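Input: a single structure, listed below in structure tokens.
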Amino acid sequence: MAEGGEGEELLRPPLPSAGSPGAKRLCSRVAALPRSRGCPGGPVGAAEGGGGGGRARGCCPPGRPGPGSGCGPEGTHLPLLQPESLLDAAAKRVAGSWAFERVEGRFQRIPEPVQRRIVYWSFPRSERQICMYSSFQPGRSGGGSSSGAGGGASGAAAGNVPGVGAGGEDSPAAPGTAAPAGAPGTAPLPAPGAPASAAVAEGLPFRRGIRLLETGAVDNVLQVGFHLSGTITEPATATEPDMTYKVAISFDRCKITSVTCGCGNKDIFYCAHVVALSLYRIRKPDQVKLRLPISETLFQMNRDQLQKFVQYLITAHHTEVLPTAQKLADEILSSNSEINQVHGAPDPTAGASIDDENCWHLDEEQVKEQVKLFLSQGGYYGSGKQLNSMFAKVREMLRMRDSNGARMLTLITEQFMADPRLALWRQQGTGMTDKCRQLWDELGALWVCIVLNPHCTLEEKACWLRQLRKWGDMDVCPLEDGNYGNELPNITSALTQSSTHRQDSLARPRRTVFTRAIEGCDLHWQDSHLQRIISSDFYISPSFQREGEGLLFNLQGQPLWLEHVPTACARVDALRSHGYPKEALRLTVAIINTLRLQQQRQLEIYKHQKKELLQRGTTTITNLESWVGHPLNPIGCLFLTLTEACQVQDENCLEISDTGDSKPPVYQHVPVANNCPEGEGSYLSLALEVALMGMGQQRVMPEGLYAQDKVWRNEEQIIARLQELELDAVLVQTLRKQCILLLEGGPFSGLGEVIHRESVPMHTFAKYLFSALLPHDADLAYKLSLRSMRLPVLETTPSSDVTHPHHIVSVVPSRYPRWFTLGHLESQQCELASTMLTAAKGDMLRLRTVLEAIQKNIHSSSLIFKLAQDAFKIATPADNSSDTTLLNVALELGLQVMRMTLSTLNWRRREMVRWLVTCATEVGVRALVSILQSWFTLFTPTEATSIVAATVMSHNTILRLSLDYPQREELASCARTLALQCAMKDPQNCALSALTLCEKDHIAFETAYQIVIDAASTGMTYSQLFTIARYMEHRGYPLRAFKLASLAMTHLNLAYNQDTHPAINDVLWACALSHSLGKNELAAIIPLVVKSVHCATVLSDILRRCTMTAPGLAGIPGRRNSGKLMSTDKAPLRQLLDATINAYINTTHSRLTHISPRHYGEFIEFLSKARETFLLAQDGHIQFAQFIDNLKQIYKGKKKLMLLVRERFG
């Protein structure tokens, strides 16, 4: 900024002639250590330490007054109502605006009292500024990011805003504007004893510094010119002794320009010791010894005094400064040395040079290191939180009009661009994580806020533009839509789904996160209408001019601002962010008046087109871009600006906690500041109105996953802020009025009667509106929410069920573009329906209406099932009686789920079926009868028999319903009918369940058994038949069991090597059953066994069991049991014996084909078992001997094996 100010001409004396010898000291700028000059707001090397960094001062001007000691009477606190002295008023103004070198250059002689007061007032006066540089978290009133700035409109070159003011960080606020919080001269922070909001706050440097100050840890405080020093003693702890640190602070024009502390702090912010010393100087200035710059003292010394001074200084610090002192002495004594070419010498206590940039000390290297560290920990929650805190710090600096805001953001951006993950993501073609993309969004929004700074210079804006273009041209620069080209680029205009637009979308220019900031550099503040809007609350058009200035004023004479809405809102965000809250409010009101006028005109257009649109049943998207989810967040920006003006500030709380447990804000109505006769209500009602306008806008679903994700995230942010408002009568009136306008808004409203198929659903918004309206206007709440239930993008899909719990892509394969967030949208639709169901409990008419909306609009069975469960829980509270109306709704929803999922695969299907039976049981016996009778439309045969009918007929259900005998019989009859129908349709899976359900009814049981017999030869497996056969035996039907087992044997085939087959136990059981029934049954089963079983060990086991006991032990009535053991030489066991011997022979040859030496021992044991079977025959020993001889002959090549055979069997 330009040095000086309004008082510059008043303070300027006549300048001396060029060659006249002035009484001023001579200064050497070469000897100074200046800050590096670069891009405004960019990295600037701040000098560290308290010494060596001052400007050069002259040594020997004549006639200077001698220095005094102490602060003098001017430093004391004045009585409350005593006016400030002219000297102090002028000194404060000069100390905050001019470098002291400039003051010296202007006047030949400056009286010592004037020098002392300038030096005195040059130290920072606001504790909030010290707090800003020593803690992360700004107060809530800072508002946080609105993520809005910049825009695409073009205009003339930027310039300062006449109505806003062009001062720098500490310039006074513009006329009619409020000074930014914490500006110089404002009140200090609340008393030190004010409670912090969390324990974490106590660990912040600022809080620790206050504790050190309050405990008397600050000592030896001395101010020499523009240099403050002192010692801070940290008290001893249980593990460490007390420690004393030396602290040095340099300052200039009410800003700390460098700090040094013996603690060696390495952080972005000042350490607690620097805070303690700074606060000591602010709170106790009269206790600080004040001296003029050291060059003033040296000037008054003669040669002997100077020599004594230097020698004492060297003696006191000889180990530290002796080499430097000798080096300087050698250079001074050398006539050709560089030091002798410059007249004068540097003075670290004399303040900064005119050429030095006046800004607060910021450790750039630490900023870079911290950002780099946080980015390297990208996967951790804490790192993202820290980076967001750094962004919040940038915004806080902007509000304080501190040039370090842009400077710090430049450092952060450089580290973001150097993130190695960017190149990796680009190579792999993958998108960055959501948290990382949100950080980049905030970075881009902050840059738009920077370039729209209403008091920046053209030089600064040009430098920012060059830097932004440089970053934007880098290959790794993230795109605005958060992707690296896997999807189509994001756009701000809505497109119809035509091939022409598809081609256009592919040809769109590359838009990076910095594109909007680059476009924002073209905007300016010099429009006269804009200047009048932001400069006065009473800018209205005279009534006789309103017709001719229709584009600038509405019919009430209030100013309008007809600019692209997100761009206009970016201006608001810039004003708000740079410490111009009143100007931001004025522009916000003008924008809202413009939106109101547009809404009225849209309603008029719709009235003429309504009949045609309703007949056609569809419409086009008329809004060119969405305000919700927009990168500039226009609605959020306007809402924050308005609500901040209405927020009740808590003056007793120090808001520097970095935890998220802050109290919710409290708002009050603040009248709109204008003189419109009709009035505008309050800023709070305007905030609600504009939020409803923006959220209710009909808008097309944007392209790309990230853009779609940002839409619903922004929706939730706005709604979260809306929920902080306590709806009084004024706000309820605003709410009702705007909801009615949205319902009647036609194609311009997302709640209109007809919307576009690609329109963003209103479910989340409607859920908020329903909850807010319900206590005040239930009819309007239901009307609005029922209309919002629609989801047109799914209404044109095939009728097949969508069973996914979370969609990845749209269910419409040919749709363009894809809806990546469809799963989230459907879940919000479900929540809206659930909210309405809960509210409508007990109201049959409303419940029926909500039910119809659910059945019409929700297409996911999983979500309908969730709604059914929710309704059931609400209808059956644990501490109260059930609500019949809501129970019936839950049942109907459950029945719909059954029908939707009957022919599809769903992993929750079994759970759904069980739940439906539970729900029907709660409704009553008629519901159970109904689902049993219509089972084929709801369940598969297996579900109907094994789950539904079995549960209905269970003892627990009978007890739960307290049924009488006729009711029990009715249920049982329905269950038996169901069982027989299912057995006929799917005998394989339902036969056993059908038999079980029909046990108590002889006719039904016989019918079920016959169904099994009929199906046995065709569609049933041996396993199913064996299971039913065992069931029959268990029920006391052995002959039926035998028949089923015989049928099962015809389906079985056991190979020679399947000696562990699961059916072996069934075969053994079938043979045991046949044996127990008698010789005839055994004779009937053995041929089947011989045909089906080829495993020698299984056959030998059957043979052994049959020879151990006599047949016929089952004791079937009417049959005689001979009691004799059966011979293996006679039928039927002879056939089994021959089959067993043949199986052993065949198995032996098969095993010998691929036998290995390690299996020789096992093979010999196998032959031993074979011999046992051979010996059961009369000539068995002869057969076995022949068998062994054949083996020896055929496999004589296996000498080792044959040797083992010969040893065992001869």
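Quick note on the numbering used here: the sequence shown kicks off at 32 and runs consecutively. Every residue, glycine too, gets a C-beta built ideally from N, C-alpha and C. In this text, all values refer to a predicted model and were calculated from it rather than measured experimentally.
- By the Cβ neighbour-count rule, G247 is exposed, with fewer than 16 other Cβ atoms within 10 Å of its own.
- Distance from L898 to I885 at the Cβ level is roughly 6 Å; contact confirmed, criterion being Cβ atoms closer than 8 Å.
- Residues of the same chain with a CB within less than 7 Å of the CB of Q397, apart from the 5 flanking positions on each side, are K297, D298 and I299 in chain order.
- A distance of 8 Å or more separates the beta carbons of A1170 and R1136.
- E511 carries a coil assignment under DSSP once its states are collapsed to helix, strand and coil.
- With a minimum length of 3 residues, the unbroken runs of beta strand (DSSP E) contained wholly in the segment 225–298 fall at 249–255, 258–265, 274–283 and 286–292.
- Straight-line measurement puts the Cα of V145 at about 39 Å from the Cα of T350.
- The alpha helix (DSSP H) runs lying completely inside the segment 323–375 and spanning 4 residues or more are 325–330, 334–347 and 349–364, given in chain order.
- The continuous stretches of alpha helix (DSSP H) do not include F300, and DSSP gives it neither H nor E.
- Excluding five sequence positions before and after W495, the CB atoms of its chain that fall closer than 6 Å to its own CB belong to V482, given in chain order.
- Only residues of its own chain outside the window of five on either side were considered, and among them F1194, K1229 and L1232 have a CB closer than 8 Å to the CB of I1186, listed in chain order.
- When C-beta atoms of the segment 992–1006 are compared with those of the segment 954–964, three or more pairs fall below 8 Å, so the two segments count as touching.
- DSSP, read as helix, strand or coil, puts V791 in coil.
- A Cβ-Cβ separation of about 13 Å leaves P1069 out of contact with L1113 under the 8 Å criterion.
- Residue pairing by DSSP places V979 opposite no residue, since no beta bridge is assigned to it.
- Excluding sequence positions up to five before and after M463, its CB lies within less than 6 Å of the CB of W456, all in the same chain and listed in chain order.
- V679 sits exposed, since fewer than 16 C-beta atoms from the chains shown fall within 10 Å of its C-beta.
- Residue environment for R547: buried (at least 16 other C-beta atoms within 10 angstroms of its C-beta).
- Measuring C-alpha to C-alpha distances from T973 to each of V954, R1007 and K1016 identifies K1016 as the nearest.
- Below 8 Å, too few C-beta pairs join the segment 466–485 and the segment 591–598 to call them touching: fewer than three.
- With respect to the C-alpha of T1027, the residue from L994, S1048, R1061 and M1051 having the closest C-alpha is R1061.
- Within the segment 1024–1077, the runs of alpha helix (DSSP H) at least 4 residues long that lie entirely inside it are, in chain order, 1033–1047 and 1053–1065.
- The DSSP-derived three-state label of Y737 is helix.
- In the three-state reduction of the DSSP assignment, L308 falls in the helix class.
- When T674, H486, K277 and P272 are compared, the shortest CA-CA separation from D250 is found for K277.
- Residues of the same chain with a CB within less than 6 Å of the CB of Q408, apart from the 5 flanking positions on each side, are S414 in chain order.
- In the structure shown, the three-state DSSP call for T915 is helix.
- With contacts defined as CB atoms closer than 8 Å, P485 and L606 qualify as a contacting pair.
- P590 sits in a strand when the DSSP states are folded into three classes.
- Within the same chain, and ignoring the five residues on either side of S1131 in sequence, the residues whose Cβ sits closer than 6 Å to its Cβ are T1171 and T1204.
- Under DSSP, F584 shares a beta bridge with P590.
- In this structure, the straight-line span from the alpha carbon of G873 to that of K1031 is close to 42 Å.
- If you check the CB distance, D378 and S326 come in under 8 Å.
- Using a Cβ-Cβ distance cut-off of 8 Å, the segment 737–756 and the segment 774–783 are not in contact, since fewer than three pairs of beta carbons, one from each stretch, lie closer than that value.
- Remark: C-beta atoms of T275 and T264 approach each other more closely than 8 Å.
- Nearest C-alpha to L118 among A902, W152 and Q631: W152.
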